[in-house]
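Undergrad:
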Amino acid sequence: MEYGRALELQRALVEKRKRGEIPDQLLIVEHPHVITLGRNGKPSNLLASEEVLRRAGISFFPIERGGDITYHGPGQIVGYPIFDLREWKRDVVAYVRTLEEVIIGALSDFGIAAGRLEGFTGCWVDGRKIAAIGVHISRWVTSHGFALNVTTDLSYFQYIVPCGLTKPVTSMAELGVAAPRAEVIESLTRHFALNFGIEIVKREIETEEAVWSMS
Amino acid sequence: MVDVVMPQMGESIVEGTLTRWLKKPGDRVERDEPLFEISTDKVDTEIPAPAAGILKETLVEEGKTVAINTVVARIDETGDGTGAAAAPPAEAPAAPAPAPPAPPAAERPPEQPPVRTEPAPVAPPPAAAPEEPIGPLSPLVRRMAREHNIDLRQIKGTGAGGRITRQDVENYLAQREAREARPAPPPPAAAPPTPAPAPPPAAPEIAPPPPRVEAAKTRVEPMSIMRSKIAEHMVLSKRTSAHVTTVHKIDMTRVARIRARHKEEVKARYGYSLTYLPFITRAAAEALRAFPLCNASVEGNNIIYHNEINIGIAVALENGLIVPVIRNADEKNVLGLQRAIADLAARARSRQLKPDEVQGGTFSITNFGSFGSLFGTPIINQPQVAILGVGAVEKTPVVTEDDAIAIREISLIGLTFDHRLIDGAYADQFMQKVKSILQNWSEEIL
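Sequence order for the protein chains is B and C. Per my numbering, the very first residue in the first sequence carries number 1; after that it's consecutive. Per my numbering, the very first residue in the second sequence carries number 216; after that it's consecutive.
1) In chain order, what residues of the same chain have a beta carbon less than 6 Å from the beta carbon of S452 (chain C), not counting five sequence neighbours either side?
2) Considering only residues of the same chain and omitting the five flanking positions on each side of P402 (chain C), which have a CB-CB separation below 7 Å?
3) Would you list, in chain order, the members of the stretch 449-461 of chain C that have their beta-carbon closer than 8 Å to a beta-carbon of chain B?
4) Sorted by chain position, which residues of the same chain lie with C-beta nearer than 7 Å to T455 (chain C)'s C-beta, five sequence neighbours on each side aside?
5) From this set, C:A557, C:V481, C:I519, C:N525, which residue's C-alpha is nearest Q574 (chain C)'s C-alpha?
6) Mapping the DSSP letters down to three states, classify D84 (chain B) as helix, strand or coil.
7) Give me whichever residues DSSP pairs with E717 (chain C) in a beta bridge.
8) For chain B, find out if any of its Cβ atoms is closer than 8 Å to the Cβ of R235 (chain C); answer yes or no.
9) What does the Cβ neighbour count give for P539 (chain C), buried or exposed, with the cut at 16 atoms within 10 Å?
10) Is K464 (chain C) helix, strand or coil when you go by DSSP?
11) Would you mind telling me which residues of chain D sit closer than 7 Å to K569 (chain C), beta carbon to beta carbon, in chain order?
12) For a minimum of 3 consecutive residues, which ranges assigned as the beta strand (DSSP E) are wholly contained in the stretch 428-502 of chain C?
13) Apply the 10 Å Cβ neighbour rule to A499 (chain C) and answer buried if 16 or more other Cβ atoms are within range, or exposed otherwise.
14) How long is the line joining the alpha carbons of E624 (chain C) and L630 (chain C), rounded to whole angstroms?
15) Buried or exposed for E2 (chain B), please, with buried defined as at least 16 other CB atoms from any protein chain shown within 10 angstroms of its CB.
16) DSSP puts N509 (chain C) in a beta bridge; with which residues?
17) By Cβ distance below 6 Å, which residues in the same chain neighbour A309 (chain C) in space, the five residues on each side in sequence not counted?
18) For Q76 (chain B), does the three-state DSSP call read helix, strand or coil?
19) Identify the continuous alpha helix (DSSP H) that holds T170 (chain B) and give its terminal residues.
20) Spatial neighbours of S187 (chain B) within its chain, please: CB distance less than 6 Å, with the 5 preceding and 5 following residues excluded, ordered by chain position.
21) I'd like to know if A94 (chain B) contacts chain C, where contact means its C-beta is closer than 8 Å to some C-beta of that chain.
22) The beta strand (DSSP E) with N517 (chain C) in it runs from where to where?
23) Determine the chain B residues that contact G604 (chain C) at a beta-carbon separation under 7 Å, and present them in chain order.
24) Who are the Cβ neighbours of V549 (chain C) in its own chain at under 7 Å, not counting the five residues just before and after it?
25) Which residue's Cα is closest to the Cα of R469 (chain C): C:V229, C:N655, C:G486?
26) Could you give the distance in angstroms between the alpha-carbon of R381 (chain C) and the alpha-carbon of Y387 (chain C)?
27) Identify the residues that DSSP records as bridge partners of H191 (chain B): which are they?
28) At a CB distance below 9 Å, what residues from the stretch 431-442 of chain C approach chain B? Give them in sequence order.
29) Can you find the residues in the same chain that come closer than 6 Å, C-beta to C-beta, to T285 (chain C), ignoring five residues on each side of it along the sequence?
30) What does I137 (chain B) reach in chain C if we use C-beta pairs closer than 9 Å?
31) Ordered along the chain, which non-local residues of its own chain (more than five positions away) have a Cβ less than 7 Å from that of T577 (chain C)?
32) Cutting at 8 Å between CB atoms, please list the residues of its own chain near G592 (chain C), excluding the five before and the five after it.
33) Residues of chain C with CB under 9 Å from P168 (chain B), in chain order?
34) Which residues in the same chain have their Cβ closer than 7 Å to the Cβ of F590 (chain C), if we skip the five residues on either side of it in sequence?
35) If you check the beta carbons only, do V141 (chain B) and D68 (chain B) fall under 8 Å apart?
36) Is any beta-carbon of chain C found at less than 8 Å from that of A173 (chain B)?
Printed below as a string of structure tokens:
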């Protein structure tokens, strides 16, 4: 799903969720190559000029989530939970820790021992980042979320890797795990249900992309 | 007056970083309208206003971290604050305006934001008028005043009821510019002459804000992304590490001879030139094995010893630099290192490096000698703790052990190290090792 379209969809779902018209949603998608810059991210962390990005077929979006700069692309599972935290726990840090727990749990299903790195939100395997997290909250309703590298072509991270200063990235494939995307999604949703104490109903919106309704 | 406080966004959270004000003092805010943003741990949260009114003041700057329940702003609920407050009633078409008929729409530019339709919280207070020295102002005029830093008391309104119109502001601005454009009086040595008779000021004796006249003595250009990234890292490194540099004089004559002997053959067989750098890298890798503290990093109160020796080689680019990494440099011979250096440098210059080729370095070498520098004090590449700076190899007269004077290929090679972790004696022992390897180079096999 194009990043811009997913953004619109998220915004629409957030508005509906705020008005209480829909239950919690979990949007799971895959994006074409895109680099997004969080509100508080420094544009300087983008290493390539927008011209270079355009030539490489990568779009660029400055957006309103937390966190700095990140890359999304094929082979990644991107999850956007639209949750009303008032119905769960009014605690943004607990929310982020639970997102990490969900991903760590799902990875362990595939024999990958991921963990946390104190002070660095996200999920890590041996000092390499396998999943990124960046969240926006408005009136306790969450948007944006996480991106898990399944078979991501990691060379695309070079456009945002400045002079070897940041920590390296990895993917399930790089760690030698050839997991079908659908199985990883299945595992993620199971751990979502487990950790957030919810039930999940799958609802396809387009081929290979789905909104997962919570109830 | 309603206090706006830093909210608690979770049980364990005791403070928050205010990242952005979404409203400015003087702005009207509605209840539950996003007022500012805070950031905790990769989560951005919009905080809504607790009440409707005029944002009187913000007490915390963007970027500051404050404890929860700290008052960050005040909202004036009565909405009858200064000029900013009095206007909305006048422009709400539905509200019965006490003022003369609202000025014709033509006065407002089309791009003006739609007029708020919510009824004014209280009936337009007639009492407000006397307190308002300059009469009601349109949002446009207020914005122009803010943007151009105009004291509206200096402007005489020509609109209905003495109201200040956009035209008035534009006229005032034109006058001000004309004033500012005049050459400044010659810098007076002592008592300045009485000010030249300026065109009659629009208002008496209130000094306008200091004019911002840019002379063309500078040229402004935004930094490239790489430039600002480098700038950031250099300052970060200086702030992080306690930099100390020690310089050793190293006789490269033996290496120079070996190099001269194999240069042609290497060029012919492998297609790259044989430089001094792979010899120095090889010596450094060997010394790092003996002095592992130079191949470590600091994390909190822990020393992280790296089992791999991954040496970054600083490569100058047209407008910056990058430090690609030779992994397991200690497992390569001189030719392998030369190949790696040539390959990484070429691909660095054509921006073809893969991300993991610029990551994971445990030590760095910078060869400013190739630009003629004798010795330098480079900045450590974080999170490493040492960097070797290589000066130019130059023919130099030296006094030999038997008190003769000989011509030798001398290079000043320095180690800049992080004194948090490495003491001077240790650094010098490391350098002695490097020196000993280079001066007694014995391997005929490269």
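Note that CB positions come from ideal geometry on N, CA and C, so glycine has one too.
TA: Judging by the given coordinates:
1) As a position in the second sequence, residue 452 (chain C) is number 237, starting the count at 1. These residues qualify, in order along the chain: I594, I595, Q597.
2) Taking the second sequence and counting its residues from 1, one reaches residue 402 (chain C) at position 187. Residue placement at P402 (chain C) is poorly supported in this model, since its pLDDT is 47, which falls under 50; the coordinates are not used for a value here.
3) Answer set for the stretch 449-461 of chain C: empty.
4) As a working note, residue 455 (chain C) is residue 240 in the second sequence. Answer for T455 (chain C): Q597, listed in chain order.
5) As a position in the second sequence, residue 574 (chain C) is number 359, starting the count at 1. Checking every option, the nearest Cα to that of Q574 (chain C) belongs to C:N525.
6) Here residue 84 (chain B) refers to the residue found at position 84 of the first sequence. D84 (chain B): strand per DSSP, three-state reduction.
7) Because residue 717 (chain C) is not part of the residues shown, which for chain C are 216 to 661, the question remains open.
8) For the purposes of this step, residue 235 (chain C) is taken as the residue at position 20 of the second sequence. Interface residue, yes.
9) For the purposes of this step, residue 539 (chain C) is taken as residue 324 along the second sequence, with counting starting at 1. Buried is the call here.
10) Residue mapping note: residue 464 (chain C) aligns to position 249 of the second sequence, counting from 1. Of the three classes helix, strand and coil, the one that applies to K464 (chain C) here is strand, per DSSP.
11) Judged by its chain identifiers, the structure shown contains no chain D, and its protein chains are B and C.
12) As summarised for the stretch 428-502 of chain C, the continuous beta strand (DSSP E) elements at least 3 residues long and confined to that stretch are 458-466, given in chain order.
13) On the second sequence, residue 499 (chain C) is found 284 positions in, with the first residue counted as 1. Buried: at least 16 other Cβ atoms inside 10 Å.
14) Counting from 1 along the second sequence, the entry for residue 624 (chain C) is found at position 409. Counting from 1 along the second sequence, the entry for residue 630 (chain C) is found at position 415. Between E624 (chain C) and L630 (chain C), the C-alpha separation is close to 19 Å.
15) Start at 1 with the first residue of the first sequence, and residue 2 (chain B) comes out as number 2. Residue environment: E2 (chain B) is assigned as exposed (fewer than 16 neighbouring CB atoms within 10 Å of its CB, all protein chains considered).
16) Locating residue 509 (chain C) in the second sequence gives position 294, counting from the first residue. Checking the sequence shown, residue 509 (chain C) turns out to be Cys, not Asn. Note: C509 (chain C) sits in no beta bridge, so no partner.
17) In the second sequence, residue 309 (chain C) corresponds to position 94, counting from 1. At A309 (chain C) the pLDDT is 42, less than 50, meaning the model places this residue with poor confidence and gives no usable figure here.
18) Counted from its first residue, the first sequence places residue 76 (chain B) at position 76. Here Q76 (chain B) carries a strand assignment [DSSP, helix/strand/coil].
19) Counting from one through the first sequence, the residue named residue 170 (chain B) turns up at place 170. Membership of T170 (chain B) in any alpha helix (DSSP H) is not indicated, and neither H nor E is assigned to it by DSSP.
20) The residue labelled residue 187 (chain B) in the question sits at position 187 within the first sequence. A106, D109.
21) What you label residue 94 (chain B) is simply residue 94 of the first sequence in a count that begins at 1. Interface residue, yes.
22) The count along the second sequence starts at 1 and reaches residue 517 (chain C) at position 302. Segment 517-520, the beta strand (DSSP E) holding N517 (chain C).
23) Here residue 604 (chain C) is taken as the residue at index 389 of the second sequence, counted from 1. The contacting residues do not exist; G604 (chain C) stays about 18 Å from chain B at best.
24) Here residue 549 (chain C) refers to the residue found at position 334 of the second sequence. So the qualifying residues of the chain are P493, F494, R497, L661.
25) In the second sequence, residue 469 (chain C) corresponds to position 254, counting from 1. Residue C:N655 is the option with its Cα nearest to R469 (chain C).
26) Taking the first residue of the second sequence as position 1, residue 381 (chain C) is located at position 166. Taking the first residue of the second sequence as position 1, residue 387 (chain C) is located at position 172. Approximately 10 Å, taken between the alpha carbons.
27) The residue you call residue 191 (chain B) lines up with position 191 of the first sequence. Beta-bridge partners assigned by DSSP to H191 (chain B): none are found.
28) Result list: M438, S439, I440, M441, R442.
29) By one-based count along the second sequence, residue 285 (chain C) stands at place 70. Excluding sequence neighbours, T285 (chain C) sits near M221.
30) Residue 137 (chain B) sits at position 137 when you count from the first residue of the first sequence. Near I137 (chain B) (Cβ distances below 9 Å), the residues of chain C are M224, V258, D259, T260, E261.
31) Along the second sequence, read from residue 1 onward, the residue named residue 577 (chain C) stands at position 362. Hits under 7 Å: N510, H521, E523, I524, N525, Q599.
32) Position 377 of the second sequence, counted from the start, is the residue given in the question as residue 592 (chain C). Residue identity differs from the one stated: residue 592 (chain C) is Thr in this sequence, not Gly. Residues of the same chain with a CB within less than 8 Å of the CB of T592 (chain C), apart from the 5 flanking positions on each side, are H458, T460, G604, G629, T631 in chain order.
33) Taking the first sequence and counting its residues from 1, the one referred to as residue 168 (chain B) is at position 168. Neighbours of P168 (chain B) on chain C, chain order: P570, D571, Q574, G575.
34) The residue you call residue 590 (chain C) lines up with position 375 of the second sequence. Residues of the same chain with a CB within less than 7 Å of the CB of F590 (chain C), apart from the 5 flanking positions on each side, are V462, G604, G606, L627, G629 in chain order.
35) Taking the first sequence and counting its residues from 1, the one referred to as residue 141 (chain B) is at position 141. Taking the first sequence and counting its residues from 1, the one referred to as residue 68 (chain B) is at position 68. Going by C-beta atoms, V141 (chain B) is not nearer than 8 Å to D68 (chain B).
36) Against the first sequence, residue 173 (chain B) aligns to sequence position 173. Not flagged as an interface residue toward chain C: A173 (chain B), since no C-beta distance is shorter than 8 Å.
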